[in-house]
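Chains as they are written, first to last, in the working numbering: chain A, 5 to 328; chain B, 4 to 349.
For glycine and all other residues, C-beta sits at the position ideal for the given N, C-alpha and C.
What you are looking at is a predicted structure, and each value in this text was computed from that prediction instead of being measured.
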């Protein structure tokens with residue numbers, strides 16, 4: 005982390021960048037927040053550890069409008085989102101100085117809480133330099149510990165790899181933390197009967213409180229004004245009286261980001277009700293892979309993508325095509 | 004003071020539910036929220052905080068107010084019936100109970116909110132003391148005692164028993180209704196006193212317990228409103244509604260129409276959030292155009308505007324749900340601390 009801070013200060017001092025977008029230490033051991041650093045003394049609060057899961061690429065939409073370059077810290081998986089935003093002309097590459105920061109998997113405080121660990125006073129083993137495989141958690145109710153792996157965000161178990169897709173320089177080592185099959189859960193759902201499928205999604209989505217956190221955090225959801233924010237629309241923004249209408253929100257959103265979703269997992273990370281929203285997106289990713297060939301959104305800057313390109317050999321899935 | 008063995012709680016719930024509706028913390032797909040009790044519900048009263056506060060019991064996230072149906076040239080208006088059946092909310096916490104008190108000061112004053120008032124009239128609250136408070140809790144800052152909730156019935160889960168003490172007439176009535184399941188215990192007072200002491204001890208160790216609210220009151224509107232700190236504090240805010248929707252005291256709502264087809268309209272109200280871009284949208288446009296203004300509104304409301312209108316009472320109860328749930332880890336504690344730090348540097 006010190007190397008990152010030193011380099012950031014250097015780039016700020018020599019005028020290469022006007023500000024640094026990173027994370028500021030929180031007031032609990034696990035709640036750092038995204039923050040801008042503009043002066044040398046601001047860095048006293050700078051932090052980069054296992055709890056810096058937030059994907060900063062979307063903040064670059066606003067930062068691209070500011071005077072001068074913004075140094076942004078991106079983890080390997082965040083760089084996919086950044087490239088996707090570049091493709092959509094939502095961020096300005098020339099306004100960004102990208103430091104690819106090392107990542108060995110990010111932590112999910114909800115997973116730690118689910119283990120019954122509470123009254124947390126301090127957590128060790130979450131520092132990025134640590135090779136520790138165990139988190140030691142000091143709580144009011146005694147010392148607890150858990151495997152780093154067991155406290156990782158879901159997305160880290162299906163890590164896309166340790167390489168940054170775009171960067172100006174890299175600081176820190178990364179680790180591929182993949183230990184699960186990305187589509188295993190999707191396959192399980194695909195194998196369900198239509199009734200069971202409906203019941204499954206009904207159960208998950210009935211937890212939704214329409215806080216819109218999934219949409220607002222999503223780098224693929226970058227419309228200036230979302231259709232759900234229109235007051236001329238029956239299902240606008242807030243909870244509705246009709247539960248079916250309500251659930252359409254997530255399905256529409258999944259369709260809208262299909263082919264552009266990099267599977268960064270932010271939607272599932274931020275959902276206060278623990279809805280596994282990534283499952284929707286992964287179904288689309290799986291289908292795209294099967295119908296158009298392996299494709300990873302954000303892995304390159306190629307403007308033509310499976311769903312925005314056409315050729316006569318294109319797959320034509322669906323009942324209409326089958327019927328002829 | 005009465006007690007009931009934990010293993011008999013299901014019998015207690017059955018008994019209550021036979022006579023009236025019963026809402027209590029239920030685990031569904033990994034999340035604990037207040038929901039109607041049923042035989043197959045997975046009741047979870049050990050989890051300290053439900054994701055959403057229990058305010059839904061009195062002020063549901065969304066409710067129909069009336070329905071209109073066009074019949075030829077006539078329009079029939081069917082008002083929604085007010086709550087007429089008694090119900091019990093079991094397992095609220097001291098902070099949540101104070102949350103209801105905050106809502107009362109909004110909905111039970113002129114003009115009376117009849118939907119809310121009917122629910123308050125028919126609802127009985129059984130609140131649990133917090134056996135193991137967590138690091139995100141700061142109710143003591145607002146003068147709330149997590150060891151002794153001020154509800155209709157206060158209850159303590161200690162070891163294998165639940166201790167039960169009626170505090171109001173409604174509480175007495177409920178106690179009478181379930182009396183055959185409760186036993187009087189001469190030693191209960193002592194046991195409960197010990198538990199309270201243990202809870203107080205833990206609360207003293209919590210990181211937010213000694214948070215100072217100095218400088219926050221109903222008389223500082225302009226000073227706080229104009230502070231340059233807001234220019235920085237709001238920046239990571241995504242403008243989602245998580246903090247407002249998990250909050251036990253946020254009370255803003257919107258009234259909207261839902262097209263039910265067949266020439267019908269359902270007029271409903273649903274929670275709104277000051278974080279949302281169309282909040283307070285009116286004919287002339289929106290009076291809070293930026294996220295900074297929206298972000299500022301929420302904290303000004305909790306710590307300045309509400310106290311200004313309610314004899315100094317804050318409309319934050321220190322439940323810490325926003326601390327746990329904000330996607331970018333922003334919250335009211337950080338805001339209070341940022342202002343305190345700035346004050347110290349002057």
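Check your understanding: Would residue 92 of chain B be called buried (16 or more neighbouring beta carbons within 10 Å of its own) or exposed?
Key -> In the second chain, the residue the question calls residue 92 of chain B occupies position 89. With 16 or more Cβ atoms within 10 Å of its Cβ, residue 92 of chain B is classed as buried.
Review point. Since residue 278 of chain A meets chain B, which of its residues come closer than 9 angstroms, beta carbon to beta carbon?
Key: As a position in the first chain, residue 278 of chain A is number 274, starting the count at 1. By Cβ distance, chain B contributes 32, 33, 34, 54.
Point to revise | Rounded Cβ spacing between residue 343 of chain B and residue 215 of chain B (contact assumed at less than 8 angstroms) | key: Position 340 of the second chain holds residue 343 of chain B. Position 212 of the second chain holds residue 215 of chain B. Yes, residue 343 of chain B and residue 215 of chain B are in contact; Cβ-Cβ is about 6 angstroms, under 8 angstroms.
Review point. What three-state label does DSSP hand residue 256 of chain A in the structure shown?
Key: Position 252 of the first chain holds residue 256 of chain A. Three-state result, residue 256 of chain A: helix.
Point to revise | Where residue 349 of chain B falls, given that 16 or more other Cβ within 10 Å makes a residue buried | key: The sequence position of residue 349 of chain B within the second chain is 346, counting from 1. Reliability of the predicted coordinates at residue 349 of chain B is poor, the pLDDT of 43 falling under 50, and the value obtained from them is presented with this limitation in mind. Residue 349 of chain B comes out exposed.
Exercise for review: Could you tell me the distance, in whole angstroms, from the CA atom of residue 297 of chain B to the CA atom of residue 162 of chain A?
Suggested key: Numbered from its first residue, the second chain carries residue 297 of chain B at position 294. Numbered from its first residue, the first chain carries residue 162 of chain A at position 158. Between residue 297 of chain B and residue 162 of chain A, the C-alpha separation is close to 37 angstroms.
Practice item. Identify each residue in the segment 180 to 209 of chain B for which the Cβ-Cβ distance to at least one residue of chain A is less than 9 angstroms, and report them in chain order. Key: 205, 208, 209
Practice item. Leaving aside the five residues before and after residue 138 of chain A along the sequence, list all residues of the same chain whose C-beta is less than 8 angstroms from its C-beta, in chain order. Key: Counting from one through the first chain, the residue named residue 138 of chain A turns up at place 134. These residues qualify, in order along the chain: 129, 149, 150, 151, 152.
Review point. With 16 as the cutoff for other CB atoms within 10 Å, does residue 59 of chain A come out buried or exposed?
Key: Start at 1 with the first residue of the first chain, and residue 59 of chain A comes out as number 55. By the 10 Å Cβ count, residue 59 of chain A comes out buried.
Check your understanding: Of the choices B:13, B:266, B:335, whose alpha-carbon is the least far from that of residue 72 of chain B?
Key -> Within the second chain, numbered from 1, the residue matching residue 72 of chain B stands at position 69. Nearest of B:13, B:266, B:335 to residue 72 of chain B, Cα basis: B:266.
Practice item. For residue 215 of chain A, decide whether its Cβ has a neighbour in chain B, counting only Cβ atoms nearer than 7 angstroms. Key: Locating residue 215 of chain A in the first chain gives position 211, where the first residue counts as 1. Closer than 7 angstroms to some Cβ of chain B, the Cβ of residue 215 of chain A qualifies, so yes.
**Study point:** Minimum C-alpha distance to residue 13 of chain A - residue among A:110, A:275, A:227, A:46
**Key:** Sequence index remark: in the first chain, residue 13 of chain A carries index 9 (1-based). Comparing Cα-Cα distances from residue 13 of chain A to each of A:110, A:275, A:227, A:46, the minimum goes to A:46.
Exercise for review: Take residue 326 of chain B and list the residues in its own chain whose beta-carbon comes closer than 7 angstroms to its own, dropping the five residues that flank it on each side.
Suggested key: Here residue 326 of chain B refers to the residue found at position 323 of the second chain. Result list for residue 326 of chain B: 139, 334, 336, in chain order.
Practice item. Could you list which residues in chain A have their beta carbon closer than 8 angstroms to that of residue 296 of chain B, in chain order? Key: By one-based count along the second chain, residue 296 of chain B stands at place 293. Those do not exist, as residue 296 of chain B stays about 16 angstroms from chain A at its closest Cβ, beyond 8 angstroms.
Review point. Could you check where the alpha helix (DSSP H) with residue 291 of chain A kicks off and where it finishes?
Key: The residue given as residue 291 of chain A occupies position 287 in the first chain. Taken as a continuous stretch (DSSP letters only), the alpha helix (DSSP H) holding residue 291 of chain A covers 282 to 296.
Point to revise | Beta-carbon proximity list for residue 258 of chain A, same chain, < 7 angstroms, skipping 5 on both sides | key: Residue 258 of chain A sits at position 254 when you count from the first residue of the first chain. The residues are 284, 285, 288.
Practice item. Kindly say whether residue 349 of chain B, judged by its beta-carbon, lies nearer than 7 angstroms to any beta-carbon of chain A. Key: In the second chain, counting from the first residue as 1, residue 349 of chain B sits at position 346. Summary for residue 349 of chain B: the model assigns pLDDT 43, below 50, so the residue's position carries little reliability, and this model does not support an answer.
Exercise for review: Rounded to whole angstroms, what's the CA-CA distance from residue 180 of chain A to residue 231 of chain A? Just pull it up for me.
Suggested key: As a first step, residue 180 of chain A must be located in the first chain, where it is residue number 176. As a first step, residue 231 of chain A must be located in the first chain, where it is residue number 227. Approximately 37 angstroms, taken between the alpha carbons.
Practice item. For residue 184 of chain A, I'd like the list of residues in its chain whose CB is within less than 8 angstroms of its CB, leaving aside the five on either flank, ordered along the chain. Key: Along the first chain, one-based indexing puts residue 184 of chain A at 180. Excluding residues within five positions, the ones whose Cβ falls inside 8 angstroms are 161, 162.
Exercise for review: Hey, could you find the ends of the alpha helix (DSSP H) residue 341 of chain A is sitting in?
Suggested key: Lying before the first or after the last residue shown, residue 341 of chain A is absent from chain A, which here runs from 5 to 328.
Point to revise | Distance, residue 243 of chain B Cα to residue 4 of chain A Cα | key: No information on residue 4 of chain A is available, as it lies outside the stretch 5 to 328 that chain A covers here.
Check your understanding: Whose Cβ in chain B lies nearer than 7 angstroms to the Cβ of residue 38 of chain A?
Key -> For the purposes of this step, residue 38 of chain A is taken as the residue at position 34 of the first chain. Ordered by position in chain B, the residues that pass the 7 angstroms Cβ test against residue 38 of chain A are 239, 331.
**Study point:** Positions along the segment 9 to 40 of chain A whose CB lies within less than 7 angstroms of some CB in chain B
**Key:** 30, 31, 32, 35, 36, 37, 38, 39, 40
Check your understanding: Looking at chain A, which residues of the segment 238 to 264 of chain B have a Cβ within less than 7 angstroms of any of its Cβ atoms?
Key -> 238, 239, 241, 242, 243, 244, 245, 248, 249, 257, 261, 262
Exercise for review: Would you mind telling me which residues of chain B sit closer than 9 angstroms to residue 52 of chain A, beta carbon to beta carbon, in chain order?
Suggested key: Indexing the first chain from 1 puts residue 52 of chain A at position 48. Here the premise fails: no neighbours, minimum Cβ distance about 14 angstroms.
Point to revise | Residue range of the unbroken alpha helix (DSSP H) whose run includes residue 95 of chain B | key: Residue mapping note: residue 95 of chain B aligns to position 92 of the second chain, counting from 1. Per DSSP, residue 95 of chain B belongs to no alpha helix (DSSP H); it is in the beta strand (DSSP E), 90 to 95.
**Study point:** Residues from the segment 274 to 286 of chain B in contact with chain A, defined by Cβ distance under 7 angstroms
**Key:** 274, 275, 279, 280, 281, 284
Practice item. Find the residues of chain A that neighbour residue 65 of chain B, judging by a C-beta separation of less than 8 angstroms, and give them in chain order. Key: On the second chain, position 62 is the one that residue 65 of chain B refers to. Correct list: 242, 243, 244, 245.
Review point. Straight-line CA distance for residue 190 of chain A to residue 39 of chain B?
Key: For the purposes of this step, residue 190 of chain A is identified with residue 186 of the first chain, where counting begins at 1. For the purposes of this step, residue 39 of chain B is identified with residue 36 of the second chain, where counting begins at 1. Cα to Cα, residue 190 of chain A sits roughly 31 angstroms from residue 39 of chain B.
Review point. Looking at the unbroken beta strand (DSSP E) that takes in residue 159 of chain B, where does it start and where does it end?
Key: Position 156 of the second chain, counting from 1, holds the residue named residue 159 of chain B. 156 to 161 is the extent of the beta strand (DSSP E) around residue 159 of chain B.
Review point. Any idea what DSSP makes of residue 309 of chain A, helix, strand or coil?
Key: Within the first chain, the letter at position 305 stands for residue 309 of chain A. Coil at residue 309 of chain A, not helix or strand.
Check your understanding: Closest Cβ-Cβ distance between residue 328 of chain B and chain A: below 7 angstroms?
Key -> Counting from one through the second chain, the residue named residue 328 of chain B turns up at place 325. Closer than 7 angstroms: yes.
Practice item. For residue 102 of chain B, name the three-state secondary structure that DSSP assigns. Key: Counting from one through the second chain, the residue named residue 102 of chain B turns up at place 99. The answer is helix: DSSP assigns residue 102 of chain B an H, G or I state.
Exercise for review: Throw me the rounded Cβ distance for the residue 52 of chain B and residue 322 of chain B pair, which I believe falls under 8 angstroms.
Suggested key: Position 49 of the second chain, counting from 1, holds the residue named residue 52 of chain B. Position 319 of the second chain, counting from 1, holds the residue named residue 322 of chain B. Sure, about 7 angstroms apart at Cβ, within 8 angstroms.
Point to revise | Sequence ranges, alpha helix (DSSP H) only - wholly within the segment 129 to 203 of chain A, length at least 4 | key: 188 to 194
Practice item. With a 10 Å radius around its C-beta and 16 neighbouring C-beta atoms as the bar for buried, classify residue 255 of chain A as buried or exposed. Key: Along the first chain, one-based indexing puts residue 255 of chain A at 251. Looking at its Cβ environment, which holds fewer than 16 other Cβ atoms inside 10 Å, residue 255 of chain A is exposed.
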